[in-house]
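Below you'll find the structure, written out as C-alpha coordinates, and then a few comments.
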Amino acid sequence: MLHQTYQSFVQDRRDLAGLLAYALYKADKVEFMKAHPDADVLGFVLGSNLRSQIDTYRMRAEVMLEDMAEESLSDALAEAEAHHLRRLRRLERTLSFWSGVWSNVIANLVAAGISILLVVLVLGSKLNFWSSLLKYLGE
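The opening residue of the sequence shown carries number 33 in the numbering used here; numbering runs sequentially from there.
If you want it as C-alpha coordinates, here you go:
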(Lines of atoms letter the chains of each structure in order from A and count residues from 1; the text may use other names and numbers.)
(Lines give C-alpha, C1' and ligand atoms only; values in the text may rest on other atoms or scores of the structure.)
Protein backbone atom coordinates (compact mmCIF):
# COMPACT_ATOMS: atom_id res chain seq x y z
CA MET A 1 0.00 0.00 0.00
CA LEU A 2 1.31 3.44 -0.90
CA HIS A 3 0.71 6.17 1.65
CA GLN A 4 1.64 9.81 1.61
CA THR A 5 3.15 10.15 5.10
CA TYR A 6 6.38 11.79 3.94
CA GLN A 7 4.48 14.32 1.82
CA SER A 8 2.15 15.01 4.76
CA PHE A 9 5.06 15.93 7.00
CA VAL A 10 7.57 17.54 4.64
CA GLN A 11 6.63 20.50 2.43
CA ASP A 12 9.95 20.65 0.53
CA ARG A 13 13.56 19.48 0.86
CA ARG A 14 14.53 22.56 2.91
CA ASP A 15 11.67 22.12 5.41
CA LEU A 16 13.81 21.25 8.43
CA ALA A 17 10.89 21.18 10.84
CA GLY A 18 9.01 18.82 8.50
CA LEU A 19 12.03 16.57 8.02
CA LEU A 20 12.61 16.40 11.77
CA ALA A 21 8.88 15.80 12.40
CA TYR A 22 9.02 12.92 9.93
CA ALA A 23 12.07 11.49 11.71
CA LEU A 24 10.18 11.72 15.04
CA TYR A 25 7.22 9.94 13.43
CA LYS A 26 9.55 7.19 12.13
CA ALA A 27 11.12 6.77 15.59
CA ASP A 28 7.65 6.45 17.16
CA LYS A 29 6.67 3.96 14.45
CA VAL A 30 9.74 1.81 15.20
CA GLU A 31 8.95 1.90 18.92
CA PHE A 32 5.33 0.95 18.19
CA MET A 33 6.46 -1.97 16.05
CA LYS A 34 8.85 -3.17 18.77
CA ALA A 35 6.19 -2.88 21.46
CA HIS A 36 3.48 -4.50 19.31
CA PRO A 37 5.18 -6.94 16.92
CA ASP A 38 1.94 -8.69 15.96
CA ALA A 39 -0.16 -5.54 15.52
CA ASP A 40 -1.06 -4.11 12.16
CA VAL A 41 1.03 -0.98 11.63
CA LEU A 42 -1.57 0.53 9.29
CA GLY A 43 -3.61 1.81 12.25
CA PHE A 44 -0.53 3.60 13.60
CA VAL A 45 0.23 5.10 10.17
CA LEU A 46 -3.35 6.29 9.65
CA GLY A 47 -3.49 7.76 13.15
CA SER A 48 -0.16 9.53 12.67
CA ASN A 49 -1.35 11.06 9.39
CA LEU A 50 -4.18 12.94 11.09
CA ARG A 51 -3.69 16.71 10.83
CA SER A 52 -3.59 17.06 14.64
CA GLN A 53 -0.83 14.41 14.91
CA ILE A 54 1.18 15.97 12.11
CA ASP A 55 0.86 19.35 13.84
CA THR A 56 1.99 17.80 17.13
CA TYR A 57 5.05 16.21 15.50
CA ARG A 58 5.84 19.49 13.73
CA MET A 59 5.50 21.43 17.00
CA ARG A 60 7.88 19.00 18.75
CA ALA A 61 10.32 19.37 15.85
CA GLU A 62 10.14 23.17 15.95
CA VAL A 63 10.79 23.18 19.70
CA MET A 64 13.80 20.90 19.18
CA LEU A 65 15.13 23.15 16.41
CA GLU A 66 14.62 26.27 18.54
CA ASP A 67 16.41 24.66 21.49
CA MET A 68 19.27 23.59 19.25
CA ALA A 69 19.54 27.07 17.68
CA GLU A 70 19.41 28.74 21.09
CA GLU A 71 22.11 26.43 22.46
CA SER A 72 24.24 26.97 19.38
CA LEU A 73 23.84 30.75 19.58
CA SER A 74 24.58 30.84 23.29
CA ASP A 75 27.74 28.80 22.70
CA ALA A 76 28.76 31.12 19.87
CA LEU A 77 28.02 34.15 22.02
CA ALA A 78 30.08 32.79 24.91
CA GLU A 79 32.95 32.05 22.53
CA ALA A 80 32.72 35.54 21.00
CA GLU A 81 32.68 37.15 24.45
CA ALA A 82 35.75 35.16 25.51
CA HIS A 83 37.55 36.11 22.29
CA HIS A 84 36.60 39.76 22.79
CA LEU A 85 37.88 39.73 26.38
CA ARG A 86 41.19 38.17 25.29
CA ARG A 87 41.64 40.86 22.63
CA LEU A 88 40.66 43.59 25.09
CA ARG A 89 43.21 42.38 27.67
CA ARG A 90 45.88 42.21 24.97
CA LEU A 91 44.99 45.74 23.88
CA GLU A 92 45.07 46.99 27.48
CA ARG A 93 48.55 45.52 27.95
CA THR A 94 49.70 47.13 24.70
CA LEU A 95 48.16 50.49 25.58
CA SER A 96 49.61 50.49 29.07
CA PHE A 97 53.04 49.72 27.60
CA TRP A 98 52.85 52.55 25.06
CA SER A 99 51.42 55.02 27.53
CA GLY A 100 54.36 54.19 29.78
CA VAL A 101 56.79 54.69 26.90
CA TRP A 102 55.29 58.06 25.97
CA SER A 103 55.20 59.32 29.55
CA ASN A 104 58.89 58.36 29.92
CA VAL A 105 59.79 60.09 26.65
CA ILE A 106 58.04 63.28 27.76
CA ALA A 107 59.62 63.15 31.21
CA ASN A 108 63.08 62.71 29.66
CA LEU A 109 62.50 65.62 27.27
CA VAL A 110 61.44 67.86 30.16
CA ALA A 111 64.46 66.79 32.22
CA ALA A 112 66.78 67.42 29.24
CA GLY A 113 65.21 70.85 28.70
CA ILE A 114 65.71 71.80 32.35
CA SER A 115 69.30 70.55 32.23
CA ILE A 116 70.05 72.58 29.11
CA LEU A 117 68.47 75.67 30.66
CA LEU A 118 70.58 75.27 33.80
CA VAL A 119 73.77 74.80 31.75
CA VAL A 120 73.01 77.91 29.73
CA LEU A 121 72.33 79.93 32.88
CA VAL A 122 75.45 78.75 34.69
CA LEU A 123 77.80 79.10 31.71
CA GLY A 124 76.23 82.39 30.73
CA SER A 125 76.86 83.83 34.17
CA LYS A 126 80.50 82.66 34.18
CA LEU A 127 81.14 84.20 30.77
CA ASN A 128 79.30 87.44 31.63
CA PHE A 129 76.93 86.60 28.82
CA TRP A 130 73.91 88.07 30.60
CA SER A 131 75.46 91.41 31.38
CA SER A 132 76.80 91.68 27.81
CA LEU A 133 73.36 90.80 26.46
CA LEU A 134 71.68 93.42 28.64
CA LYS A 135 74.20 96.08 27.51
CA TYR A 136 73.62 95.13 23.87
CA LEU A 137 69.84 95.23 24.23
CA GLY A 138 70.00 98.55 26.10
CA GLU A 139 71.89 100.31 23.32
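The beta-carbon is built from N, C-alpha and C at its ideal position, and this holds for glycine as well.
Here the structure is a predicted model, which means the values were calculated and not measured.
Tell me the rounded alpha-carbon separation between residue 85 and residue 113. 42 Å
Could you check whether residue 52 and residue 93 sit closer than 8 Å to each other, using their CB atoms as the reference points? yes
Which whole-angstrom value describes the C-beta separation of residue 97 and residue 48, a residue pair presumed to lie in contact below a C-beta threshold of 8 Å? 6 Å
Check residue 144 in the structure and name its three-state DSSP category. helix
How would you call residue 80, buried or exposed, if buried means at least 16 neighbouring beta carbons within 10 angstroms? buried
Residue 99 (DSSP reduced to helix, strand or coil): helix
Limits of the alpha helix (DSSP H) - the one that residue 44 falls within: Segment: none, residue 44 is in no alpha helix (DSSP H) and carries neither H nor E.
Where does residue 82 sit, in a helix, a strand or coil, going by DSSP? coil
Residues in its own chain within less than 7 Å of residue 76 by CB, not counting five upstream and five downstream? 61, 64
Can you tell me whether residue 71 is helix, strand or coil according to DSSP? coil
For residue 132 and residue 123, I'd like the C-alpha separation in whole angstroms. 14 Å
Figure out for me which residue from 74, 67, 153, 159 has the closest Cα to the Cα of residue 37. 74
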